[in-house]
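Read in order, the letters of the sequence shown correspond to residues 2 to 679 in our numbering. Cβ coordinates follow ideal geometry from the N, Cα and C atoms, glycine included. Take a look at the structure set out below.
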Amino acid sequence: MNVTSYSKKIKMSEIKILLISSFFLLLGNKIHAQHLWYENQTETENITFTRTVDGTFTTDESNPDVSGINTNTTSSKFVRDANVTRGFTYFDLYTPLTTASKYTVKLKAYTDVATSDLSSEPNRLRIYLQNTTTGDFKQITKTFTVGQAWEDFSFVFEATDFTTEGLGSGGYNKMYIGYGNGQESTSEINYYIDQIHGSIPQVPLDEVLKGSWGGRFYVRAGEDLDEYVDNKGYDYIAGAQEIADSYPTMGHVITNGTNNANAQLWSLRTNPNVDAVMGATGSVVDEEFVPSLANEQIIIDVIDIFKNSGKKVILYVNTQSPANRATAAGAVAWNNYVDTYFAGDGHAAWMNYCEGYVKRFTEIGVDGYWFDSFGSYNINNSLGNADVASTTEQRAEFVEMIRNAASNATITTNIDKDSFVDENGDFILVDTDGIDESVGIDGVDDDPNRDYAIIKMTATNPWSDFTAGHITPLGQGAPPNSWAYEEFTVTDIEESSISIYENEKQALKHLFLPIRSTWSSERSDLMFDNEQAYRFAKRITDAGGSVTFSNTTATDGTTSEDEVEILTFMDQQFAINADATVYERPEGAFLVGEEVLSTATNVLEDFSLKVFPNPVKDVFSLTEEVVSGILYNTFGAKSYEFNNQYENIDISNLSSGLYLLQVNYKDGRKEHLKLLKE
2 MNVTSYSKKI KMSEIKILLI SSFFLLLGNK IHAQHLWYEN QTETENITFT RTVDGTFTTD
62 ESNPDVSGIN TNTTSSKFVR DANVTRGFTY FDLYTPLTTA SKYTVKLKAY TDVATSDLSS
122 EPNRLRIYLQ NTTTGDFKQI TKTFTVGQAW EDFSFVFEAT DFTTEGLGSG GYNKMYIGYG
182 NGQESTSEIN YYIDQIHGSI PQVPLDEVLK GSWGGRFYVR AGEDLDEYVD NKGYDYIAGA
242 QEIADSYPTM GHVITNGTNN ANAQLWSLRT NPNVDAVMGA TGSVVDEEFV PSLANEQIII
302 DVIDIFKNSG KKVILYVNTQ SPANRATAAG AVAWNNYVDT YFAGDGHAAW MNYCEGYVKR
362 FTEIGVDGYW FDSFGSYNIN NSLGNADVAS TTEQRAEFVE MIRNAASNAT ITTNIDKDSF
422 VDENGDFILV DTDGIDESVG IDGVDDDPNR DYAIIKMTAT NPWSDFTAGH ITPLGQGAPP
482 NSWAYEEFTV TDIEESSISI YENEKQALKH LFLPIRSTWS SERSDLMFDN EQAYRFAKRI
542 TDAGGSVTFS NTTATDGTTS EDEVEILTFM DQQFAINADA TVYERPEGAF LVGEEVLSTA
602 TNVLEDFSLK VFPNPVKDVF SLTEEVVSGI LYNTFGAKSY EFNNQYENID ISNLSSGLYL
662 LQVNYKDGRK EHLKLLKE
């Protein structure tokens with residue numbers, strides 16, 4: 002072998018080693034890649050702050066030192082109380098740690114203790130990871146080496162740090178930071194934290210539907226599914242494909258785990274938990290409850306079609322006992338199952354039953370759940386007086402079970418509702434005397450002009466990641482496209498797309514709207530037109546909220562034809578990001594007690610006096626001089642006055658919504674104009 006060829010072989014070997022080393026370096030970087038979890042500057046909150054111990058936590062505070070390794074202008078601040086030996090800030094992890102692997106948490110931190118005093122003042126910084134169900138936790142402690150300057154910290158948790166119990170039961174789902182733990186100080190100490198990173202991505206469950214508009218695809222379940230497919234010719238696969246292909250901008254679809262209000266009817270047949278309980282593969286509680294094995298493939302294919310088209314899939318599940326609306330034979334079958342295998346504990350039986358299906362749906366790729374009748378959780382009227390009302394604790398256990406079985410699923414529980422109230426705490430009511438809004442009258446107090454409250458999207462419980470979105474009940478005379486929803490409900494979502502339950506649990510504001518005068522019947526009246534439907538959806542999604550239209554299924558399993566026109570229009574408008582039409586209150590529509598707006602019959606529609614611009618963002622002007630002007634809100638309350646001014650009138654401090662402007666002239670004339678504040 003000559004020297005030249007030997008040299009070439011050495012160089013080639015070196016290149017191979019270099020390439021192999023580079024590959025493993027890249028692989029290692031990928032394995033240990035860090036995901037941004039929390040940062041004020043970029044408004045990243047992929048983990049959720051929940052509470053503190055022995056201190057105060059604030060956000061968007063001025064960075065005390067922008068000259069060092071952290072140049073962000075804002076950061077979070079923790080002020081540890083004086084005369085304590087610890088301090089904590091707690092954060093929820095949306096994606097728990099469930100596998101034995103190496104996890105790294107990195108952050109930047111700052112203490113206002115001088116470097117020279119760190120040996121005598123609290124200098125520790127700790128990260129804890131905890132499973133809140135089992136109590137298992139692991140902590141790592143670091144120390145500040147410099148004071149009054151930002152410092153990088155890296156907390157590396159090894160696979161052996163986690164217990165089998167902690168990785169199970171939902172995993173390590175909480176992270177908290179300890180400040181100077183075990184070290185006392187007689188003074189308050191200021192800490193700043195920023196740019197928290199972790200090894201696994203965290204997707205906030207209240208953001209899964211953020212900015213998303215969606216539809217509903219009603220798939221029957223249980224024995225009903227067999228009836229509609231085998232005997233009525235419904236083609237649900239074609240219906241799902243139609244939605245997937247026709248509306249690419251649609252972000253999510255609500256379809257069925259159970260057959261609407263019938264908790265006993267499921268769209269899947271095989272339940273692994275039932276197999277385990279009854280000791281035989283393919284066990285069922287009652288044939289009424291499930292479709293055939295062939296037809297359970299329908300919901301699997303439907304979900305797959307939606308997922309492949311990039312849509313999130315949310316499943317409707319009714320949470321009453323299966324026996325509650327089953328046939329007499331079905332109720333007996335369920336009650337015998339509970340007595341035989343669960344010692345009469347209906348709650349335990351129902352949780353176990355649901356868990357089996359949820360595990361299967363999780364494997365299929367379901368993104369979330371819409372749990373109905375949660376206020377009547379596990380109600381079983383077939384037991385008569387022997388039925389025991391469910392408790393808040395049982396509801397909490399049910400949700401915990403769902404979190405464990407589907408840790409990445411976003412959920413809502415339909416329990417309790419909120420409506421808009423006036424300054425006295427009384428419901429704001431729509432006065433229907435002047436406009437025909439007799440939709441949905443239920444025969445009780447059968448008055449076609451009944452007044453109705455206005456639904457408000459509010460977090461009403463500690464379990465929901467998004468609001469259930471149900472509107473004021475149709476049976477109370479409230480149409481699904483009520484003008485009051487545009488003025489109040491949608492405007493409230495525009496002001497903030499998040500609602501917080503008791504300062505702890507965030508929920509995305511989500512509005513659920515029947516597109517017809519009923520929730521599911523294709524034979525009922527169509528209520529929305531193209532422009533109004535798009536206006537609802539555009540305003541809500543632009544604000545970061547979410548809206549679902551409850552479209553119906555025609556007799557062949559596809560979407561009703563007149564609804565297709567609306568959904569197509571919306572999709573086309575969203576595709577080009579078209580502006581929505583400007584909302585105007587319908588003629589003759591007013592609220593109960595709204596004297597100013599209801600008596601202002603001379604509101605100008607075509608007159609020389611104009612407001613410009615209209616809608617108004619901050620400042621408006623009039624085309625003529627006036628002596629004075631008064632703005633009234635939709636309650637009839639005076640919101641703003643001005644005198645001897647007709648140009649550059651600043652109303653930037655007013656809330657968004659419709660106002661009535663009354664102007665006064667020198668000759669005593671009074672005139673009225675509509676003004677919309679953005």
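Would you report the Cα separation of residue i and residue j, rounded to the nearest angstrom?
{"i": "Thr-393", "j": "Glu-189", "result": "39 Å"}
{"i": "Asp-619", "j": "Gly-366", "result": "46 Å"}
{"i": "Asp-557", "j": "Ile-541", "result": "32 Å"}
{"i": "Asp-443", "j": "Gly-476", "result": "Low per-residue confidence applies at Asp-443: pLDDT is 36, beneath 50, and the placement is therefore not dependable enough to give any value."}
{"i": "Tyr-660", "j": "Asp-530", "result": "25 Å"}
{"i": "Glu-625", "j": "Pro-587", "result": "27 Å"}
{"i": "Lys-308", "j": "Trp-214", "result": "15 Å"}
{"i": "Leu-37", "j": "Val-209", "result": "17 Å"}
{"i": "Tyr-497", "j": "Ala-334", "result": "The displayed chain sequence assigns Ser, not Tyr, to residue 497. Approximately 48 Å between the Cα atoms of the pair."}
{"i": "Lys-671", "j": "Val-664", "result": "6 Å"}
{"i": "Asn-654", "j": "Glu-679", "result": "11 Å"}
{"i": "His-673", "j": "Leu-430", "result": "23 Å"}
{"i": "Gln-507", "j": "Pro-480", "result": "28 Å"}
{"i": "Thr-492", "j": "Gly-56", "result": "36 Å"}
{"i": "Thr-341", "j": "Ala-330", "result": "16 Å"}
{"i": "His-471", "j": "Asp-195", "result": "38 Å"}
{"i": "Gly-545", "j": "Gln-42", "result": "19 Å"}
{"i": "Thr-282", "j": "Arg-125", "result": "55 Å"}
{"i": "Tyr-666", "j": "Glu-566", "result": "48 Å"}
{"i": "Met-528", "j": "Leu-206", "result": "32 Å"}
{"i": "Ala-649", "j": "Asp-113", "result": "First, the amino acid is wrong: residue 649 is Asn here, not Ala. Cα-Cα distance, rounded: 47 Å."}
{"i": "Val-583", "j": "Glu-564", "result": "22 Å"}
Beta carbon of residue i, beta carbon of residue j: below 9 Å?
{"i": "Ala-222", "j": "Pro-323", "result": "no"}
{"i": "Gly-212", "j": "Thr-99", "result": "no"}
{"i": "Ser-155", "j": "Lys-107", "result": "yes"}
{"i": "Ile-201", "j": "Phe-92", "result": "no"}
{"i": "Lys-175", "j": "Thr-133", "result": "yes"}
{"i": "Ala-327", "j": "Glu-289", "result": "yes"}
{"i": "Glu-523", "j": "Thr-553", "result": "yes"}
{"i": "Ala-590", "j": "Trp-520", "result": "no"}
{"i": "Tyr-193", "j": "Phe-89", "result": "no"}
{"i": "Gly-311", "j": "Asp-466", "result": "no"}
Smallest Cα separation from residue i: which of the options?
{"i": "Ser-500", "options": "Phe-375, His-36, Lys-457, Ile-299", "result": "Lys-457"}
{"i": "Gly-669", "options": "Ile-652, Val-628, Glu-398", "result": "Val-628"}
{"i": "Glu-503", "options": "Trp-464, Gly-148, Thr-473", "result": "Trp-464"}
{"i": "Ala-160", "options": "Lys-139, Asn-382, Ala-330", "result": "Lys-139"}
{"i": "Gln-395", "options": "Asn-337, Ala-115, Ile-244, Asn-353", "result": "Asn-353"}
{"i": "Thr-414", "options": "Val-431, Leu-384, Thr-459", "result": "Thr-459"}
{"i": "Thr-74", "options": "Leu-269, Glu-40, Gly-252", "result": "Glu-40"}
{"i": "Cys-355", "options": "Thr-341, Gly-376, Lys-510, Tyr-317", "result": "Tyr-317"}
{"i": "Gln-184", "options": "Thr-86, Pro-273, Thr-259, Gln-149", "result": "Thr-86"}
{"i": "Tyr-219", "options": "Asp-231, Asn-261, Gly-181", "result": "Asn-261"}
{"i": "Asn-47", "options": "Gly-199, Leu-294, Ile-652, Tyr-338", "result": "Gly-199"}
{"i": "Ala-387", "options": "Tyr-647, Asn-336, Glu-401, Asp-61", "result": "Asn-336"}
Where does residue i fall in DSSP's three states?
{"i": "Glu-487", "result": "helix"}
{"i": "Glu-289", "result": "helix"}
{"i": "Glu-224", "result": "helix"}
{"i": "Lys-360", "result": "helix"}
{"i": "Asp-447", "result": "For Asp-447, the pLDDT reaches just 45, beneath the cut-off of 50, and the residue's location in the model is therefore unreliable, although a value from the coordinates is still provided. Coil, per DSSP."}
{"i": "Trp-520", "result": "coil"}
{"i": "Asp-417", "result": "coil"}
{"i": "Thr-334", "result": "First, the residue type needs correcting, since residue 334 is Ala and not Thr in the sequence shown. Residue state, collapsed to three classes: helix."}
{"i": "Glu-1", "result": "Since the first residue of the chain shown is 2 and the last is 679, residue 1 is not available in this structure."}
{"i": "Lys-308", "result": "helix"}
{"i": "Val-628", "result": "coil"}
{"i": "Ser-186", "result": "strand"}
{"i": "Phe-92", "result": "strand"}
{"i": "Lys-539", "result": "helix"}
{"i": "Pro-474", "result": "coil"}
{"i": "Thr-492", "result": "helix"}
{"i": "Ser-391", "result": "coil"}
Is there contact here, the segment 527 to 546 with the segment 503 to 518, by at least three beta-carbon pairs under 8 Å?
-> Touching, yes.
Do the segment 573 to 587 and the segment 231 to 246 touch if we need at least three Cβ pairs shorter than 8 Å?
-> With a cut-off of 8 Å, the segment 231 to 246 and the segment 573 to 587 do not count as touching, because too few Cβ pairs lie within range.
Counting Cβ pairs, one atom from each stretch, are 3 or more of them under 8 Å apart for the segment 319 to 335 and the segment 346 to 354?
-> Taking a cut-off of 8 Å for Cβ pairs, the segment 319 to 335 and the segment 346 to 354 touch, as three or more such pairs fall below it.
The segment 228 to 236 / the segment 301 to 314 touching (three or more Cβ pairs under 8 Å) = Taking a cut-off of 8 Å on C-beta distances, the segment 228 to 236 does not touch the segment 301 to 314, as fewer than three cross pairs fall below it.
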